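In our numbering, the protein residues as written are 71 to 475.
Structural data, given as structure tokens:
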């Protein structure tokens with residue numbers, strides 16, 4: 071395998087990994103899941119595309135990482151890249167130093183469900199592999215180009231200046247990757263205005279002008295914006311006080327409900343947070359499933375229409391993420407709510423696109439419509455390599471100055 075970067079994405083009870091090289095076909099990847107339980111296991115794809123399933127009973131993150139790295143040691147990764155959801159005020163990928171780790175820790179109140187798990191993975195890999203350069207790539211970094219009128223909330227200024235209360239946005243690596251890929255594919259639209267829709271259990275939209283994020287649907291936390299698998303997306307801010315006054319709920323119960331019991335799951339009356347299950351149930355006449363799908367698509371279209379205000383010109387729309395890449399039904403239903411922008415969806419191309427493949431699904435007139443499978447791991451590896459290369463160059467500069475003197 072050629073030069074490679076190990077990409078780590080730690081969740082609270084799971085750990086995604088990928089060994090990314092220049093050749094995508096060589097990629098080794100997998101998921102360690104149910105960590106901390108008797109059912110802990112690793113499932114993935116090894117070199118040559120062979121499946122892997124390995125039981126690691128009661129293993130935690132560190133033991134899982136040790137097992138994964140033992141299996142990957144022969145490939146000698148040159149660096150480790152960590153996906154970190156919230157970077158706070160950090161605006162780009164950063165080499166992990168004690169200072170950067172502390173800044174990630176300080177951003178934990180902004181992403182309490184995500185950053186603690188990322189820190190577990192960072193702490194473990196830095197202990198296990200202190201000789202390897204390690205880089206944090208932030209979901210929020212891509213959106214740091216948003217103008218103030220897009221990222222500021224209409225709340226007292228001190229909350230922004232003293233407590234960093236603002237809109238940050240997430241899924242930045244995915245929006246960055248698909249918009250960059252879109253400009254490669256779009257021919258004459260090398261630069262311009264794109265709307266991107268990353269749709270999965272977590273979902274967000276983004277408006278991108280000349281390669282830079284100008285607005286996005288998620289905000290201070292990943293709860294704002296679209297209807298998601300178990301997250302509510304936008305609700306009236308007074309819902310908190312209503313539930314506290316009428317049901318006696320505290321803020322923690324309300325937060326749990328909005329993050330883990332709402333979205334598609336809540337709308338479908340706890341049937342499922344999986345769009346495939348809901349579509350099947352809807353076809354069989356389940357009204358709750360049908361409503362969940364309609365709300366999802368309507369709110370998605372509404373968000374895309376709103377974000378178009380940030381673009382001087384709309385050149386195209388890109389669908390990505392598990393739902394965006396694989397559900398022709400959701401793409402068509404969403405586009406039916408957007409008759410005002412000149413989109414011309416080709417039903418034949420849309421329905422004929424194979425799962426997991428890249429393709430254009432418009433009829434050739436109006437703004438382009440693409441389905442582009444995301445590659446967050448590839449984007450994280452790319453940014454990790456760039457940071458490491460910059461550090462190497464910076465280290466060499468003093469040497470060059472000394473030798474020239």
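All C-beta atoms, glycine included, are put in the ideal place defined by N, C-alpha and C.
Every value quoted in this text rests on a predicted model; they were computed, and no experiment measured them.
Leaving out five residues before and five after residue i in sequence, what residues of the same chain have Cβ atoms less than 7 Å from its Cβ?
i           : result
residue 210 : 156, 157, 238, 239, 240, 242
residue 296 : 273, 274, 275, 287, 303, 369, 370, 373
residue 190 : 80, 131
residue 170 : 164, 206
residue 412 : 436, 437
My output table needs one value for residue i: the three-state DSSP class, helix, strand or coil.
i           : result
residue 14  : Absent from the model: residue 14. The displayed extent of the chain is 71 to 475, so no value can be given.
residue 476 : The chain is shown only over 71 to 475; residue 476 falls outside these bounds and no answer can be derived.
residue 180 : helix
residue 107 : coil
residue 344 : coil
residue 401 : helix
residue 432 : strand
residue 133 : helix
residue 102 : strand
residue 461 : helix
residue 350 : helix
residue 475 : Only weak support is given to the placement of residue 475: the predicted model assigns it a pLDDT of 46, under 50, and the value that follows is read from those uncertain coordinates. Looking at residue 475 - three-state DSSP - the assignment turns out to be coil, as it is neither helix nor strand.
residue 285 : strand
residue 383 : coil
residue 71  : No answer about residue 71 holds up, because its pLDDT of 45 lies below 50 and its placement is not dependable.
residue 247 : helix
residue 240 : coil
residue 392 : helix
residue 421 : helix
residue 115 : strand
residue 201 : coil
residue 121 : strand
residue 145 : helix
residue 164 : strand
Under 6 Å Cβ to Cβ from residue i, same chain only, skipping five residues before and after it: list those, please.
i           : result
residue 452 : none
residue 429 : 423, 441
residue 165 : 205, 457, 461
residue 378 : 384
residue 447 : 77, 88, 90
residue 425 : 396
residue 103 : 84
Check this for me: beta carbons of residue i and residue j, under 8 Å apart or not?
i           : j           : result
residue 82  : residue 218 : no
residue 284 : residue 380 : yes
residue 313 : residue 324 : yes
residue 262 : residue 153 : no
residue 91  : residue 107 : no
residue 255 : residue 299 : no
residue 143 : residue 127 : no
residue 116 : residue 98  : yes
residue 398 : residue 416 : no
residue 122 : residue 290 : no
residue 249 : residue 281 : yes
residue 149 : residue 403 : no
Quick one: is residue i buried, meaning 16 or more other Cβ sit within 10 Å of its Cβ, or exposed?
i           : result
residue 432 : buried
residue 315 : exposed
residue 247 : buried
residue 221 : buried
residue 147 : buried
residue 351 : buried
residue 376 : exposed
residue 445 : buried
residue 277 : buried
residue 227 : exposed
residue 151 : buried
residue 410 : exposed
residue 357 : exposed
Near residue i, what residues of its chain come up, given a Cβ to Cβ distance below 8 Å and the 5 sequence neighbours on each side ignored?
i           : result
residue 175 : 185, 189
residue 465 : none
residue 476 : As displayed, the chain neither begins before 71 nor continues past 475, which places residue 476 out of reach and without an answer.
Cβ-heavy atom distance between residue i and the ligand MG below 7 Å?
i           : result
residue 208 : This structure simply doesn't include the ligand MG, nor any ligand for that matter.
Can a CB atom of chain C be found closer than 8 Å to the CB of residue i?
i           : result
residue 213 : The displayed structure is made up of one protein chain only, and chain C is not part of it.
Practice problem: Say whether the segment 352-372 touches the segment 382-390, bearing in mind that this needs 3 or more beta-carbon pairs closer than 8 Å, one atom from each stretch. | Solution: no
Quiz item: Three or more beta-carbon pairs under 8 Å between the segment 201-208 and the segment 156-174, yes or no?
Solution: yes
Quiz item: Is the segment 85-97 close to the segment 120-138, with three or more CB pairs under 8 Å?
Solution: At 8 Å Cβ cutoff, the stretches touch.
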